[in-house]
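Take a look at the structure below.
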Amino acid sequence: MSPGHAEEPPSTNKRSKLVKIGAAVLVGLALLYVLPIPLGDMRVTGSDKVTLEDVKVAGNIDEPVNLLKVRTEKLKDRLSKDLRVEEAQISYEFPLTMVVNIVERRAIAVIPSQFGYLTLDKTGQVVASEPAITATNVPIISGVKTGNILLGDTITNPDILAALTYLNALSRDGFKNIAEVNIGDPDNLLAYTVNGLQLRLGNSQDLAKKAELSESMIKDIETRKVNAQYIDVNLTSPYIKAQ
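What follows is the structure in structure tokens.
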């Protein structure tokens with residue numbers, strides 16, 4: 498070592514190298530973010546209605562896909578406003594795949610409207626509006642007249658909400674058994690099975706419990722092969738009226 502030229506300590510050299518590496522990484526990430534460079538892939542699961550293209554439009558995601566540019570919270574928020582979507586869940590798979598899992602909004606009932614029929618979800622939000630009934634696998638709520646209700650509106654009619662309370666309380670199998678809920682008389686609500694059996698529900702009190710009881714009574718009829726005329730779903734003294 499020549500006089501007047503002190504050698505840099507090893508710690509200084511190491512720190513300098515780390516700074517250079519860090520700077521290079523930051524520059525690389527900046528280039529990946531700014532330039533139209535593909536980075537990663539996307540996949541949609543859980544729905545055959547919401548497509549990958551729908552997800553890209555909702556998230557303003559351009560081609561080629563660069564996952565560094567995807568704002569996941571904004572994407573989930575935008576998808577939650579889609580009437581087909583109840584919830585959007587985002588996860589990642591190795592090595593660089595974003596998985597968008599769609600929980601579809603489930604239709605719970607159909608009601609007649611001024612210009613056709615409205616399909617409601619469990620909260621009473623209108624998720625579809627059609628001139629004729631297309632959702633044949635969900636019950637119709639009859640005995641009610643609705644005003645000018647639009648797609649995306651949420652029903653506030655207490656009698657319709659009462660019918661939804663009953664339908665929401667049914668199990669999946671129990672739900673499939675119900676074809677209609679008539680709310681023409683709020684003190685004497687009626688439900689009808691797909692086989693035409695009448696269920697007398699009474700007023701709108703304790704409808705969740707009445708849903709459970711009506712399922713049990715229908716199973717009892719099927720098990721015992723009773724030729725029933727109607728079921729009185731009375732919580733204190735329920736009975737089956739045989740023909």
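Going by our numbering, the first residue of the sequence shown is number 498, and it counts up by one from there. For each residue, glycine too, the CB sits at the ideal point set by N, CA and C.
Please confirm whether Y779 and L694 have their CB atoms less than 9 Å apart. No answer is possible for residue 779: the residues shown for the chain start at 498 and end at 740.
Euclidean distance between Cα positions of D579 and V678: 28 Å
Run through DSSP, which three-state label would P636 get? In this structure, P636 counts as coil in the three-state DSSP scheme.
Under 8 Å by Cβ, that's how I've got V567 and E584 pegged, so tell me the actual separation to the nearest angstrom. Going by Cβ atoms, the distance from V567 to E584 rounds to 18 Å, so no, they are not a contact pair.
The region 557–575 touching the region 612–632, judged by at least three CB pairs closer than 8 Å: Verdict: no, contact absent.
Whole-angstrom distance between I680 and I638, CA atom to CA atom: Answer to the nearest angstrom: the Cα atoms are 7 Å apart.
Cβ-Cβ separation, L696 to S711 (assumed contact under 8 Å), whole Å: 5 Å
Rounded to a whole number of angstroms, what is the C-alpha to C-alpha distance between A676 and V607? 10 Å
Please state whether the Cβ-Cβ distance between T616 and A629 is less than 9 Å. no
Among G640, M595, V552, whose alpha-carbon lies nearest the alpha-carbon of D538? Looking at the Cα atoms, M595 is the closest of the given residues.
If A708 sits next to L661, beta carbons under 8 Å apart, how far is it from one beta carbon to the other, in whole angstroms? Actually they are not in contact, since the Cβ atoms of A708 and L661 sit about 11 Å apart, beyond 8 Å.
Which of the three DSSP states, helix, strand or coil, is assigned to L532? The predicted model places L532 with a pLDDT of 49, which falls under 50 and marks its position as unreliable; any figure quoted below should be read in that light. L532: coil per DSSP, three-state reduction.
Excluding the five sequence neighbours on either side, which residues of its own chain have a C-beta within less than 8 Å of the C-beta of L647, listed in chain order? V623, S626
Bridge partners - V623, DSSP secondary structure assignment: L617
Taking 9 Å as the cut-off, decide whether the C-beta atoms of I439 and T690 are in contact. The structure shown does not extend to residue 439, since the chain is modelled only from 498 to 740, so the question has no answer here.
Beta-carbon gap between D656 and S701 smaller than 9 Å: yes
Going along the chain, which unbroken runs of the alpha helix (DSSP H) with 4 or more residues stay wholly within the region 649–695? 655–666, 669–674
Among residues of its own chain, excluding the 5 on either side of E590, which ones have a beta-carbon nearer than 7 Å to its beta-carbon? V596
Delimiting residues of the alpha helix (DSSP H) encompassing D574: That run of the alpha helix (DSSP H) goes 569–577.
Confirm, please, whether the CB-CB distance from G699 to N685 is below 9 Å. yes
Local Cβ density within 10 Å of G613, reported as buried at 16 or more and exposed below that: exposed
Could you give the C-beta distance for V635 and A604, rounded to a whole number, given that I count them as a contact under 8 Å? 5 Å
Could you give the DSSP three-state label for V741: helix, strand or coil? Residue 741 cannot be examined here, being either before or after the span of the chain that is shown, 498 to 740.
Would DSSP call V730 helix, strand or coil? Correct three-state label for V730: coil.
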